[in-house]
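K.L.:
Structure incoming, see below.
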Amino acid sequence: METLKYIISTISGGVILELAMFFYPDFKKLFNSKVVAKNLINKHSDSIIKAADELFGKIFSLAKEDFKLFTKYNNDTDEMNKIYVLYLFASFWASLGILKQESNFIHIARIKKGKRLLNFVTTYESKRNRILERSFQRAIGESIILESSSGLKKKTLYDFTNEYNSENSNLKKIFNPLERSLFSTSDKTHRQKILLFGIIILALLDFLDKNHKVVRKRQTYKNKLSAKTKDELEFRVFKHYLPFVKNATKYY
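Heads up: the sequence shown runs through residues 33 to 284, numbered per the numbering used here.
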């Protein structure tokens, strides 16, 4: 009997939906736009999650060592590690850049998950939260995006490294602001900006992959955050920009 009720209700629901879309074209348009938004987020989520996970993992490692890679840089032994860090930042910005180019962010804003994803974009691009000017962040991300027969994709680390080291490449000029920012981490105030940026990425990871089915659960670096940064996370980042994030205190 319960099975029969379920079948009837399912059929009835489907019929009602079809009738609503037939008699109210605007409803059909809204319904279709939400389907498009959901499909776009599903299509790009894995790429964003993996790029965010790799970048946060590297920021976590740098934080543990007080950014020794950049504060005690050895050109003979650390060059490849430096290039790898640059690539991880670019890969993260590129993942969201590809989503923007394929959706213009308009479609995904039509569903709650999409709106909240855009809240994260606004957060890490805002003047007081970003580590570089917005235009630099976008240019760095776009510099590793390629067009292919299957759509937009990112350059591999191998191709990026070869191009970065090429004498004729413009990449070093594009990445110069990020490189300068990382080499400024000997200044503890500047270092805190990067650590704050990392926490935003961690919160994004937990939002997109809340059950950690794509990547493993990451730990935070509370002990590396200054009292000022903790206040900024509490009152600016999570209360103003990301008020929907639950149990935000776990990050700071």
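Glycine included, each C-beta is placed from N, C-alpha and C at the ideal position.
In the region 146-207, which residue ranges form an unbroken alpha helix (DSSP H) of at least 4 residues, counting only runs that do not cross its ends?
P.N.:
With a minimum length of 4 residues, the continuous alpha helix (DSSP H) runs that stay inside the region 146-207 are 166-174, 189-197.
K.L.:
For G45, name the three-state secondary structure that DSSP assigns.
P.N.:
For G45, the predicted model reports a pLDDT of 48, less than 50, meaning its position is unreliable; a value from the coordinates is still stated below. G45 falls in the helix class under three-state DSSP.
K.L.:
Run through DSSP, which three-state label would F276 get?
P.N.:
Reduced to three states, the DSSP call for F276 is coil.
K.L.:
What number of angstroms, rounded off, separates the C-alpha of K61 from the C-alpha of A141?
P.N.:
A caution first: K61 carries a pLDDT of 45, below 50, which makes its placement in the model too unreliable to give a value.
K.L.:
Note down the Cα distance separating L131 from I231, rounded to an integer number of angstroms.
P.N.:
So the alpha carbons of these two residues sit roughly 22 angstroms apart.
K.L.:
What's the gap between the Cα of L128 and the Cα of K104?
P.N.:
Spanning the two alpha carbons is a distance of roughly 32 angstroms.
K.L.:
Give the single residue among L94, L237, S258, D191 whose Cα lies nearest to the Cα of I177.
P.N.:
Of L94, L237, S258, D191, the residue nearest in Cα terms is D191.
K.L.:
Less than 8 angstroms between the CB atoms is what I'm expecting for R166 and E174, so what's the real figure, rounded?
P.N.:
No, R166 and E174 are not in contact; Cβ-Cβ is about 12 angstroms, not under 8 angstroms.
K.L.:
Look at the alpha carbon of I143 and the alpha carbon of F92, and state the distance between them as a whole number of angstroms.
P.N.:
If you take the alpha carbons of I143 and F92, they lie about 32 angstroms apart.
K.L.:
The alpha helix (DSSP H) with D263 in it runs from where to where?
P.N.:
259-263 is the span of the alpha helix (DSSP H), which, as asked, contains D263.
K.L.:
Following the continuous alpha helix (DSSP H) through K220, name the residue where it begins and the one where it ends.
P.N.:
Note, K220: alpha helix (DSSP H), 220-240.
K.L.:
Have a look at N71 and G146 and give me their C-alpha separation to the nearest angstrom.
P.N.:
Cα to Cα, N71 sits roughly 11 angstroms from G146.
K.L.:
Who are the Cβ neighbours of G46 in its own chain at under 6 angstroms, not counting the five residues just before and after it?
P.N.:
Caution is warranted here: a pLDDT of 49 is assigned to G46, below 50, making its placement in the model unreliable, and no coordinate value can be reported.
K.L.:
Taking 7 angstroms as the limit between beta carbons, can you name the residues of its chain near S258, skipping five residues before and five after?
P.N.:
Excluding positions up to five away in sequence, the list reads Q224.
K.L.:
Whole-angstrom Cβ separation of Y315 and T193, contact assumed at under 8 angstroms?
P.N.:
Nothing can be reported for residue 315: it is not among the residues displayed for the chain, which extend from 33 to 284.
K.L.:
Drop a sphere of 10 angstroms on the beta-carbon of N161, count the other beta-carbons inside from all chains shown, and report buried for 16 or more, exposed for fewer.
P.N.:
Buried.
K.L.:
Rounded to a whole number of angstroms, what is the C-alpha to C-alpha distance between K100 and H139?
P.N.:
K100 and H139: Cα-Cα distance of roughly 42 angstroms.
K.L.:
Answer yes or no: do V246 and D110 have a C-beta to C-beta separation smaller than 8 angstroms?
P.N.:
No. Outside cutoff.
K.L.:
Assuming L87 contacts L210 (C-beta within less than 8 angstroms), just tell me the rounded distance between them.
P.N.:
With a Cβ gap of about 12 angstroms, L87 and L210 do not count as contacting.
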